[in-house]
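Q: Handing you a structure now.
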Amino acid sequence: MKKILITGANGLLGQKLEADFSKWDSVLATGKQKDFVLQDKKYLYQTLDITDKEQVQSVIADFRPELIINTAAFMNVEVCEEKKELAWAVNVEGVKNLIESCQKYEIKLVQISTDYIFDGRNGPYSEEDKPNPINYYGGTKLQAEEIIQDALIHFLIIRSNVIYGMGTQVKRNFFIWVYENLRQKKQIKVVTDQFNNPTLADNLSILILEAAERNLAGILNLAGTKYLSRYDFALKIAQHFELNKNLITPVTTPELHQKASRPLKGGLRIDKAQKILTTPFFSVDEGLKFIEEKLADN
Ligand SMILES: NC(=O)c1ccc[n+]([C@@H]2O[C@H](COP(=O)([O-])OP(=O)(O)OC[C@H]3O[C@@H](n4cnc5c(N)ncnc54)[C@H](OP(=O)(O)O)[C@@H]3O)[C@@H](O)[C@H]2O)c1
Numbered sequence: 000m001k002k003i004l005i006t007g008a009n010g011l012l013g014q015k016l017e018a019d020f021s022k023w024d025s026v027l028a029t030g031k032q033k034d035f036v037l038q039d040k041k042y043l044y045q046t047l048d049i050t051d052k053e054q055v056q057s058v059i060a061d062f063r064p065e066l067i068i069n070t071a072a073f074m075n076v077e078v079c080e081e082k083k084e085l086a087w088a089v090n091v092e093g094v095k096n097l098i099e100s101c102q103k104y105e106i107k108l109v110q111i112s113t114d115y116i117f118d119g120r121n122g123p124y125s126e127e128d129k130p131n132p133i134n135y136y137g138g139t140k141l142q143a144e145e146i147i148q149d150a151l152i153h154f155l156i157i158r159s160n161v162i163y164g165m166g167t168q169v170k171r172n173f174f175i176w177v178y179e180n181l182r183q184k185k186q187i188k189v190v191t192d193q194f195n196n197p198t199l200a201d202n203l204s205i206l207i208l209e210a211a212e213r214n215l216a217g218i219l220n221l222a223g224t225k226y227l228s229r230y231d232f233a234l235k236i237a238q239h240f241e242l243n244k245n246l247i248t249p250v251t252t253p254e255l256h257q258k259a260s261r262p263l264k265g266g267l268r269i270d271k272a273q274k275i276l277t278t279p280f281f282s283v284d285e286g287l288k289f290i291e292e293k294l295a296d297n
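The sequence shown lines up with residues 0 to 297 when you count with numbering that gives the first Met the number 0.
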């Protein structure tokens, strides 16, 4: 029986995974909130805060999945610098709580990680490159990776970057921020010196499904095919949705005076995964076209 538990299921990637894995025999979506944002009765949902050790133990002991995908994370890179204890509790202690049950019941753990474990001096990065985080968020995500690798459990660490898309009650990601501001005719400042390969959440979810079904292990980069600056990504969003690109002001990272340092040449090389998986990897244009079609359907 193929049984899976997804954490952080109310988030963007969690929702997509819930829908894609619903062809498995049994799927338990879990999230911090009391109710699941996807209000379809076919989905099984339970409240689960991964920082609550006892709750983690009892939910997993009751459900006994063969696989856990951990998408739950304290994600706001700026706030992580101020609320370090909270970020550590979710991104590191929460993962330790999951590992304990994985060890006890021989459950495989799929952890979603990030290119922010690198310093951004010479990206895009391969699975073998040496991490060197330059902000607190990246540090916590690397710590989680290391604990998982030392834990003697079956694991797959999936690294991705700039995960974007539309979802139910999803408040923020780079795409939504650009799209909503331009629609409301608001000026935005976007950096020209941060480079990544943005990843459509819907595409990432299907790639994760294939990786899970093929029982892949170790570390794997899954991301989009197009490497570009945030500014060029924002211009593409404006172009695709016929929004006013003149509202986008190009700036450099130092001009924003952010608390958390940002990797500049970030992003991930995906050649290893492209050789292994048969699912196509989306470019930014394909990702934006996908969103356009979804919006038109609705
Ligand atoms: N977004 C990106 O650009 C990006 C890039 C690389 C890697 N990642 C990784 O990808 C994963 C999914 O990201 P996403 O884009 O889907 O983010 P998201 O939409 O913010 O989803 C994260 C979810 O985790 C939940 N969560 C936070 N603390 C929790 C806790 N203690 N227990 C249970 N759930 C908790 C959040 O709930 P609340 O909203 O209620 O707090 C949210 O629903 C994360 O692990 C992230 O580190 C993201």
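Ideal placement from N, C-alpha and C gives every residue a C-beta, glycine not left out.
#1: Using 8 Å as the threshold, is the C-beta distance between Thr139 and Val190 below it?
#2: Check whether the Cβ atoms of Ser21 and Ile59 sit closer than 8 Å, and answer yes or no.
#3: Is Ile111 near ligand 1, judged by its Cβ being under 7 Å from some heavy atom?
#4: In this structure, what does DSSP give as the bridge partners for Ile67?
#5: Alpha carbon to alpha carbon, how far is Ala71 from Ala88? Give it in angstroms, no decimals.
#6: On the criterion of 16 or more Cβ atoms from any shown chain inside 10 Å, does Gln102 qualify as buried, or is it exposed?
#7: Which value, in whole angstroms, describes the spacing of the CA atoms of Asp39 and Gln45?
#8: Counting pairs of Cβ atoms below 8 Å between the stretch 211-221 and the stretch 245-265, do you hit three or more?
#9: As a quick exercise: from Leu287, Ile162, Phe174, pick the residue whose alpha carbon is nearest that of Lys15.
#10: In the stretch 172-245, which residue ranges form an unbroken beta strand (DSSP E) of at least 3 residues, counting only runs that do not cross its ends?
#11: From Phe117 to Glu285, what does the alpha carbon distance come to, in whole angstroms?
#12: Does the separation of the CB atoms of Val26 and Ile5 fall below 8 Å?
#13: Exposed or buried, which one is Asn214 when buried takes at least 16 other CB atoms within 10 Å?
#14: Please give me, in chain order, every unbroken run of the beta strand (DSSP E) with length at least 3 that falls completely inside the stretch 67-140.
#15: With a 10 Å radius around its C-beta and 16 neighbouring C-beta atoms as the bar for buried, classify Thr248 as buried or exposed.
#16: Does the Cβ of Phe62 lie closer than 7 Å to at least one heavy atom of ligand 1?
#17: In this structure, does DSSP put Lys264 in helix, strand or coil?
#18: Using only alpha-carbon positions, find the residue among Gly30, Gln54, Trp176 that is nearest to Phe73.
#19: Determine the contact status of Leu97 and Val55, defining contact as a CB-CB distance below 8 Å.
#20: From the DSSP output, which residues share a beta bridge with Ile163?
#21: Looking at the secondary structure, which residues open and close the alpha helix (DSSP H) in which Thr30 lies?
#22: Return yes when the Cβ of Tyr104 is within less than 8 Å of the Cβ of Arg63, no when it is not.
#23: At a threshold of 7 Å, does Thr362 count as lining ligand 1 (C-beta to nearest heavy atom)?
#24: Val94 to Asn243, Cα distance in whole Å?
#25: Do Leu47 and Ala211 have their CB atoms nearer than 8 Å?
#26: Are Leu227 and Val283 close, meaning C-beta to C-beta below 8 Å?
#27: Is it true that the stretch 166-176 meets the stretch 116-130, where meeting means three or more beta-carbon pairs spaced less than 8 Å apart?
#28: Would you call the CB atoms of Ile111 and Leu37 closer than 8 Å?
#29: What does the Cβ neighbour count give for Arg171, buried or exposed, with the cut at 16 atoms within 10 Å?
#30: Any chance the CB of Val189 is under 7 Å from a heavy atom of ligand 1?
A: This is what the structure gives:
#1: Cβ distance not < 8 Å, so Thr139 and Val190 don't count as in contact.
#2: With respect to Ile59, Ser21 sits apart: the two C-beta atoms are not nearer than 8 Å.
#3: Yes.
#4: DSSP lists Leu4, Leu108 as partners of Ile67.
#5: The alpha-carbon atoms of Ala88 and Ala71 are separated by roughly 11 Å.
#6: A residue is called buried once 16 or more other Cβ atoms fall within 10 Å of its Cβ, and Gln102, having fewer, is exposed.
#7: Here the alpha carbon of Asp39 sits roughly 14 Å from the alpha carbon of Gln45.
#8: No, the stretch 211-221 is not in contact with the stretch 245-265.
#9: For Lys15, the nearest C-alpha among the options comes from Ile162.
#10: Qualifying beta strand (DSSP E) stretches, in chain order: 187-190, 217-220.
#11: The C-alpha of Phe117 lies about 27 Å from the C-alpha of Glu285.
#12: Annotated as proximal: Val26 and Ile5, with beta-carbon spacing under 8 Å.
#13: Exposed, because fewer than 16 other Cβ atoms sit within 10 Å of the Cβ of Asn214.
#14: Counting whole runs of 3 or more residues, the stretch 67-140 contains the beta strand (DSSP E) stretches 107-113.
#15: Burial call: exposed.
#16: Not under cutoff, so the answer is no.
#17: Here Lys264 sits in strand by DSSP.
#18: Relative to Phe73, the option among Gly30, Gln54, Trp176 whose CA is nearest is Gly30.
#19: Contact flag set, yes.
#20: Note on identity: in this sequence residue 163 is Tyr, with Ile being the wrong assignment. In the DSSP assignment, Tyr163 forms a beta bridge with Leu199.
#21: Thr is not the amino acid found at residue 30; the sequence shown has Gly there. Where Gly30 is concerned, there is no enclosing alpha helix (DSSP H), although the beta strand (DSSP E) it sits in stretches over 25-30.
#22: Yes, the Cβ-Cβ distance between Arg63 and Tyr104 is below 8 Å.
#23: As shown, the chain starts at 0 and ends at 297. That puts residue 362 outside it, with no answer to give.
#24: A direct Cα-Cα distance of roughly 42 Å separates Val94 from Asn243.
#25: Not in contact: Leu47 and Ala211 (Cβ atoms no closer than 8 Å).
#26: Result yes, Cβ atoms of Leu227 and Val283 sit closer than 8 Å.
#27: At 8 Å Cβ cutoff, the stretches do not touch.
#28: Judged by their CB atoms, Ile111 and Leu37 are not nearer to each other than the 8 Å cut-off.
#29: The residue is exposed, with fewer than 16 neighbouring Cβ atoms inside 10 Å.
#30: Relative to ligand 1, the beta carbon of Val189 is positioned no closer than 7 Å to any heavy atom.
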